[in-house]
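Below is one structure, written out as structure tokens, with a few remarks after it.
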Amino acid sequence: MGLQSSDEGIRVEDIKLAISGHVKEDYRFNPKCPLPETDPNYRGSSTFDDKVHILVFVICATSVSLIDDATWRKMNDIRAAGRDKQIPQIAILTKIDEACPEVQKDIKNAYRSKHLKKLMETVNVNLGLPLNCIFLVKNYHKEIETDDGVDSLILSILKKIIDYGEDYLNDQNNRDLSPM
0 MGLQSSDEGI
10 RVEDIKLAIS
20 GHVKEDYRFN
30 PKCPLPETDP
40 NYRGSSTFDD
50 KVHILVFVIC
60 ATSVSLIDDA
70 TWRKMNDIRA
80 AGRDKQIPQI
90 AILTKIDEAC
100 PEVQKDIKNA
110 YRSKHLKKLM
120 ETVNVNLGLP
130 LNCIFLVKNY
140 HKEIETDDGV
150 DSLILSILKK
160 IIDYGEDYLN
170 DQNNRDLSPM
């Protein structure tokens, strides 16, 4: 379940609650109704550890051109909630091999592909994320063996996520330590 233009999918308000640490772990989002404060899965007072430290938008590369304005607005609403809390944000475009035959032949063409660059620019324009915060990844789905090129893309993204999250934690600690 993800974001959708209609009332289906995860509700934006529930995602904002999760960003703020008000949603307990293992909660199953309900597209029919928002998480009420009376629900046992609602955390009234959240700690810093309960809150989101990096916001990652995962978008299927084959679907970028199909995303409608209502869904982009929902993503921007979530992005604004993260921005207001100074949470770092990235986007990952998945299934790049399905979106681009060049990449299907050779994963090393991922960041050379004009088609994938256009998809990244679409995300950049519609979501407002800088291009250097939009990453490409090929999903493993039918392979029996791992591939160093695919692994390299995945690991570099994971490293960026960790680095951005760590920077956020350090910034928060510095804010807490700085005199007013």
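In terms of numbering that gives the first Met the number 0, the sequence shown is numbered consecutively and its last residue is 179.
Where a beta carbon is used, it is the ideal one built from N, C-alpha and C, also for glycine.
Residue burial classification, residue i (beta-carbon count within 10 angstroms, cutoff 16)
i	result
A69	exposed
L34	buried
R111	exposed
T102	According to the sequence shown, residue 102 is Val rather than Thr. Under this definition V102 is a buried residue.
F47	exposed
P32	One point to set straight first is that residue 32 is Cys, not Pro, in the sequence displayed. Counting Cβ neighbours within 10 Å, C32 comes out exposed, since fewer than 16 surround it.
I133	buried
L65	exposed
I58	buried
Closest by C-alpha distance to residue i, when choosing among the options
i	options	result
D150	V136, A17, R82	V136
L130	T145, K141, Y139, L118	L118
G148	I106, N172, K116	I106
A80	A17, S4, D6	A17
Beta carbon of residue i nearer than 8 Å to that of residue j
i	j	result
A98	H114	yes
K15	I77	yes
L154	A109	no
Neighbourhood of residue i by C-beta, 8 Å cutoff - its chain only, sequence neighbours within 5 removed
i	result
G164	H52, I53, P87
Own chain partners of residue i with C-beta closer than 6 Å, once the 5 adjacent residues on each side are dropped
i	result
F28	I9, D13
Beta-carbon proximity list for residue i, same chain, < 7 Å, skipping 5 on both sides
i	result
H21	Y41, R42, S45
Y167	H52, I53, I86, P87
Q3	T70
Which residue spans inside the stretch 89-155 form an unbroken beta strand (DSSP E) run of at least 3?
Within the stretch 89-155, the complete beta strand (DSSP E) runs of at least 3 residues are 133-135.
Please give the ranges of any alpha helix (DSSP H) in the stretch 14-101, keeping only runs that are unbroken, at least 4 residues long and fully inside the region.
Correct list: 68-83, 95-98.
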